[in-house]
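Chemist: Sharing a structure with you now.
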Amino acid sequence: MSSTDIPTTTDTGLPGAETDGRGQALAERLFADMLSGLELLTVELGRRLGLYRALHDAGPTTADRFADRAAIAQRYAREWLEQQAAAGIIDVVTAGSTTDREYALPAAHVGVLLDETDPLHLAGGAMGVEGIALTLPEVAAAYRTGTGVGYERFGDEIRRGIASLNRPMFTHELAGWVRALPDVAARLDSGGVVLDAGCGSGWSSVALAKAFPAARVVGVDLDTASVAEARRNVESEGLSDRVRVVEANSADGRALQAAAGARCQLVTVFEALHDMGEPVRALAAFAEVLAPGGAVLVADERVGAEFTAPADELDRLNYAFSVLHCLPATMAESTHIANGTVLRPDTVRSWAQAAGFDRIEELPIDNELWRFYRLSE
Numbered sequence: 006m007s008s009t010d011i012p013t014t015t016d017t018g019l020p021g022a023e024t025d026g027r028g029q030a031l032a033e034r035l036f037a038d039m040l041s042g043l044e045l046l047t048v049e050l051g052r053r054l055g056l057y058r059a060l061h062d063a064g065p066t067t068a069d070r071f072a073d074r075a076a077i078a079q080r081y082a083r084e085w086l087e088q089q090a091a092a093g094i095i096d097v098v099t100a101g102s103t104t105d106r107e108y109a110l111p112a113a114h115v116g117v118l119l120d121e122t123d124p125l126h127l128a129g130g131a132m133g134v135e136g137i138a139l140t141l142p143e144v145a146a147a148y149r150t151g152t153g154v155g156y157e158r159f160g161d162e163i164r165r166g167i168a169s170l171n172r173p174m175f176t177h178e179l180a181g182w183v184r185a186l187p188d189v190a191a192r193l194d195s196g197g198v199v200l201d202a203g204c205g206s207g208w209s210s211v212a213l214a215k216a217f218p219a220a221r222v223v224g225v226d227l228d229t230a231s232v233a234e235a236r237r238n239v240e241s242e243g244l245s246d247r248v249r250v251v252e253a254n255s256a257d258g259r260a261l262q263a264a265a266g267a268r269c270q271l272v273t274v275f276e277a278l279h280d281m282g283e284p285v286r287a288l289a290a291f292a293e294v295l296a297p298g299g300a301v302l303v304a305d306e307r308v309g310a311e312f313t314a315p316a317d318e319l320d321r322l323n324y325a326f327s328v329l330h331c332l333p334a335t336m337a338e339s340t341h342i343a344n345g346t347v348l349r350p351d352t353v354r355s356w357a358q359a360a361g362f363d364r365i366e367e368l369p370i371d372n373e374l375w376r377f378y379r380l381s382e
């Protein structure tokens with residue numbers, strides 16, 4: 006079945022009935038979305054079971070040989086390989102019968118599917134979609150009650166999915182983001198302290214420590230599982246002597262001061278401000294821990310300056326995340342502001358001014374997904 010096979014509608018005379026082709030277009034779009042959603046889950050199945058790694062290591066292989074290497078049943082192996090080839094994710098390198106046909110993972114797809122630091126790596130994003138889908142009944146209930154769904158309820162999938170999406174940027178670009186604050190970067194080259202607020206699984210803290218070997222980094226996050234995972238990641242990178250991860254609320258000024266142990270040259274907030282239940286209090290707490298001449302570096306979604314409909318793909322993506330995850334998770338923490346994922350520039354400026362920052366500057370950093378702001382007093 007293709008989108009062209011979807012039956013066309015006729016005018017039934019009912020209110021809202023098809024008259025201009027928009028209903029047909031929406032039906033075709035939803036069909037394409039259903040296809041994409043199902044194929045995305047087959048990618049997550051392959052990631053979870055190590056199937057892409059097994060295929061990469063095997064080289065051209067038949068379904069039976071692949072099943073042995075991947076330690077899965079032969080019938081499932083054949084179906085998954087055929088589906089992946091039909092979807093254009095893997096290649097058929099030797100045509101033949103069901104038993105003789107050979108498959109391979111194209112070299113061009115290795116980074117997307119296997120290399121967790123490759124700039125094109127996106128396979129992990131399927132984990133996040135899975136976590137959102139699994140939590141949908143709780144989100145629906147929260148819509149009725151006006152309550153929230155705690156971040157931890159979205160499970161390992163959302164935490165690791167978000168970490169997987171952001172890790173390549175942190176690995177390859179984060180040092181340059183801080184260099185866009187040359188005065189702050191110069192101080193960090195000589196030492197000092199960075200507070201990484203909302204550090205999640207810790208890859209931003211790791212990248213900060215690698216970018217500034219003389220500095221000390223303190224990662225802070227409210228989620229217990231994220232803190233535990235961040236500590237493991239810091240240890241695996243051999244940085245435990247310079248990076249410490251603390252469980253604390255970013256809106257708790259005393260907790261931040263205790264965690265930092267000294268005034269900070271830099272506070273970083275990477276894709277976390279929009280999730281904070283008390284963002285103005287958090288920004289005020291960041292101001293309190295800054296050393297003279299220090300700054301806060303905020304990176305958050307590059308959404309439109311104002312609401313538009315229909316919107317571009319990036320706004321649509323962020324609104325979808327907000328409806329299904331970010332807003333419910335924030336409302337579980339506080340319903341006072343509950344901004345959601347769509348954090349517009351004017352909102353950042355308003356919050357920063359309310360928190361006492363005099364200088365609010367949007368930085369000319371080239372990034373398709375995030376905007377960057379320097380906040381200082």
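Numbering (this note's numbering), first residue to last: 6 to 382.
The beta-carbon is built from N, C-alpha and C at its ideal position, and this holds for glycine as well.
Please name the residue or residues paired with residue 249 in a DSSP beta bridge.
Modeler: Residue 249 is bridged to 223.
Chemist: For residue 193, which residues from the same chain have a beta carbon less than 6 angstroms from its beta carbon, with the 5 sequence-adjacent residues on both sides left out?
Modeler: For residue 193, where only same-chain residues beyond five positions count, the Cβ hits under 6 angstroms are 217, 220, 270.
Chemist: Does the Cβ of residue 105 have 16 or more other Cβ atoms within 10 Å, making it buried, or fewer, making it exposed?
Modeler: Residue 105 is exposed by the Cβ-count criterion.
Chemist: Please list the terminal residues of the continuous alpha helix (DSSP H) segment that includes residue 148.
Modeler: Note, residue 148: alpha helix (DSSP H), 141 to 150.
Chemist: Our contact map puts residue 201 next to residue 225 with C-beta atoms below 8 angstroms; I'd like the distance itself, whole angstroms only.
Modeler: Between residue 225 and residue 201 the Cβ distance is about 7 angstroms, and since that is below 8 angstroms, they are a contact.
Chemist: Evaluate residue 31 with the Cβ neighbour count: other Cβ atoms within 10 Å of its Cβ, from every protein chain shown; 16 or more gives buried, anything less gives exposed.
Modeler: So residue 31 counts as exposed.
Chemist: In chain order, which continuous runs of the alpha helix (DSSP H) of length 4 or greater are located wholly inside the stretch 285 to 366?
Modeler: Listed in chain order, they are 318 to 326, 332 to 338, 350 to 359.
Chemist: For the stretch 146 to 161 and the stretch 80 to 98, state whether three or more C-beta atom pairs, one from each stretch, are separated by less than 8 angstroms.
Modeler: These segments do not touch.
Chemist: Expressed to the nearest angstrom, what Euclidean distance is found between the alpha-carbon atoms of residue 375 and residue 101?
Modeler: If you take the alpha carbons of residue 375 and residue 101, they lie about 47 angstroms apart.
Chemist: Shortest alpha-carbon distance to residue 364 belongs to which of 166, 372, 353, 250?
Modeler: Residue 353 is the option with its Cα nearest to residue 364.
Chemist: Nearest-angstrom Cα distance between residue 242 and residue 124?
Modeler: One C-alpha to the other measures close to 19 angstroms.
Chemist: Using a Cβ-Cβ cutoff of less than 6 angstroms, which residues in the same chain neighbour residue 86 once the five nearest sequence positions on both sides are dropped?
Modeler: The answer, listed in chain order, is 68, 108.
Chemist: Which runs of the alpha helix (DSSP H), 4 residues or longer, sit entirely within the stretch 157 to 205?
Modeler: Counting only runs of 4 or more, we get 160 to 184, 187 to 194.
Chemist: Out of curiosity, what's the CA-to-CA distance linking residue 264 and residue 336?
Modeler: Approximately 26 angstroms, taken between the alpha carbons.
Chemist: My output table needs one value for residue 242: the three-state DSSP class, helix, strand or coil.
Modeler: Correct three-state label for residue 242: coil.
Chemist: Taking all protein chains shown into account, do 16 or more other C-beta atoms lie within 10 angstroms of the C-beta of residue 281, making it buried, or fewer, making it exposed?
Modeler: The residue is buried, with at least 16 neighbouring Cβ atoms inside 10 Å.
Chemist: Which of the three DSSP states is assigned to residue 278 in this structure?
Modeler: Helix.
Chemist: Let's test the definition: count the other Cβ atoms within 10 Å of the Cβ of residue 128 and tell me whether it reaches 16, buried, or not, exposed.
Modeler: Its Cβ being crowded by 16 or more others within 10 Å, residue 128 is buried.
Chemist: Comparing alpha-carbon positions, which option in 75, 250, 373 lies nearest residue 317?
Modeler: The shortest Cα separation from residue 317 among 75, 250, 373 belongs to 373.
Chemist: Can you tell me the Cα-Cα spacing of residue 121 and residue 347, whole angstroms?
Modeler: Approximately 27 angstroms, taken between the alpha carbons.
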